[in-house]
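J.:
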Amino acid sequence: MSEPYVGQIMFGAFGFAPQGYALCDGATLSVHQNQALFALIGFTYGGNRVDKFNLPDLRGRVVMGAGQSPVSGISYQVSQYGGAESVTLAVGNMPSHTHFVGVSNAVGTAPAASNFPAQTGPNSSTSVATTMYGPAGTASQLVKMADQTISQTGGSGAHSNMQPFQVANAIIALTGVFPARP
């Protein structure tokens, strides 16, 4: 493999950082021992602003190109973090919508029922039927319904906000060719 640029980030399918590289895990490095890398990234990813600086921390993160998004117009800067692994939606996050209640105040046209499923009858010749519910009204009678709302649903729990992924180690070159600025 040709020599990498100092500060170049790559992904490896192995579980370690090879010689001349470090994991992109936010580790703190000495400015004195890593002058070339510090000259490129400085305190961009943190540090004590004196003699220690931090590497990028890509654990559990997806890399995104810096600059202005052509979709949203939002500008993203190098070292900026964003996003969330899980999200709980609030009422304000939901699109405006309505729930339909299928009720009509029109006069019904179906004939009044004459037999109720809850009505019992004897098995003998004596008629001692007991009506468990009142008899049906006439078809022209309107039934006043109470004003109701549809009850709330959902558990207000967070849901995963993560795209499909596969994990590899992000590594950064500590040594190599110092990139020339254009």
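Residue numbers (this note's numbering): -13 to 168.
From the three backbone atoms N, C-alpha and C, an ideal C-beta is built for every residue, glycine too.
Please read these numbers as outputs of a predicted model, since none were measured by experiment.
#1: Please list the terminal residues of the continuous alpha helix (DSSP H) segment that includes L26.
#2: For my contact list, N40 and T74 are in at a C-beta cut-off of 8 Å; report their separation, rounded to the angstrom.
#3: What are the boundary residues of the beta strand (DSSP E) that includes I(-5)?
#4: Straight-line CA distance for E(-11) to V163?
#5: When the Cα atoms are used, what is the spatial distance from S16 to G(-7)?
#6: Considering Cα atoms alone, identify which of I27, I136, H145 is closest to F86.
#7: Does the region 70 to 84 come close enough to the region 27 to 45 to have 3 or more Cβ pairs within less than 8 Å?
#8: Within the continuous beta strand (DSSP E) that includes L15, where are the two ends?
#9: Does the structure place the region 47 to 56 close enough to the region 25 to 37 that three or more beta carbon pairs sit under 8 Å?
#10: Suppose the cutoff is 8 Å on Cβ atoms and the five residues either side in sequence are ignored; what does the same chain contact list for I157 look like?
#11: Looking only at C-alpha atoms, which of G78, Q63, H18 sits nearest to Y31?
#12: Looking at the unbroken beta strand (DSSP E) that takes in L9, where does it start and where does it end?
#13: Please report how far the alpha carbon of V153 lies from the alpha carbon of V49, in whole angstroms.
#14: What residue range does the beta strand (DSSP E) around N155 cover?
#15: Does the Cβ of A144 have 16 or more other Cβ atoms within 10 Å, making it buried, or fewer, making it exposed?
T.: Quick look at the numbers:
#1: Counting from 1 along the sequence shown, the entry for residue 26 is found at position 40. Run containing L26: 21 to 27, per the alpha helix (DSSP H) assignment.
#2: Here residue 40 refers to the residue found at position 54 when the sequence shown is read from its first residue. Here residue 74 refers to the residue found at position 88 when the sequence shown is read from its first residue. Their Cβ separation, rounded to whole angstroms, is 31 Å, which puts N40 and T74 out of contact at 8 Å.
#3: Here residue -5 refers to the residue found at position 9 when the sequence shown is read from its first residue. -5 to -2 is the span of the beta strand (DSSP E), which, as asked, contains I(-5).
#4: Numbered from 1 along the sequence shown, position 3 holds the residue referred to as residue -11. Numbered from 1 along the sequence shown, position 177 holds the residue referred to as residue 163. If you take the alpha carbons of E(-11) and V163, they lie about 7 Å apart.
#5: Here residue 16 refers to the residue found at position 30 when the sequence shown is read from its first residue. Here residue -7 refers to the residue found at position 7 when the sequence shown is read from its first residue. Near 15 Å, if we compare the C-alpha coordinates of G(-7) and S16.
#6: Here residue 86 corresponds to residue number 100 of the sequence shown, with the count starting at 1. Distance check between F86 and each of I27, I136, H145 places I136 closest, using alpha-carbon atoms only.
#7: Segment contact: the region 70 to 84 against the region 27 to 45, fewer than three CB-CB distances shorter than 8 Å; contact not assigned.
#8: To locate residue 15, count along the sequence shown from 1; it is residue 29. Taken as a continuous stretch (DSSP letters only), the beta strand (DSSP E) holding L15 covers 14 to 16.
#9: Touching, no, given that fewer than three Cβ pairs across the two stretches are closer than 8 Å.
#10: Here residue 157 refers to the residue found at position 171 when the sequence shown is read from its first residue. Once the five neighbours on either side are set aside, the close Cβ partners of I157 are I(-5), M(-4), F(-3), G(-2), A3, P4, Y7, A8, L9, C10.
#11: Within the sequence shown, numbered from 1, the residue matching residue 31 stands at position 45. For the residues G78, Q63, H18, the minimum Cα distance to Y31 belongs to Q63.
#12: As a working note, residue 9 is residue 23 in the sequence shown. Unbroken beta strand (DSSP E) run through L9: 7 to 9.
#13: Locating residue 153 in the sequence shown gives position 167, where the first residue counts as 1. Locating residue 49 in the sequence shown gives position 63, where the first residue counts as 1. Each residue's alpha carbon lies about 12 Å from the other.
#14: Locating residue 155 in the sequence shown gives position 169, counting from the first residue. Per DSSP, the continuous beta strand (DSSP E) segment holding N155 begins and ends at 155 to 159.
#15: Within the sequence shown, numbered from 1, the residue matching residue 144 stands at position 158. So A144 counts as exposed.
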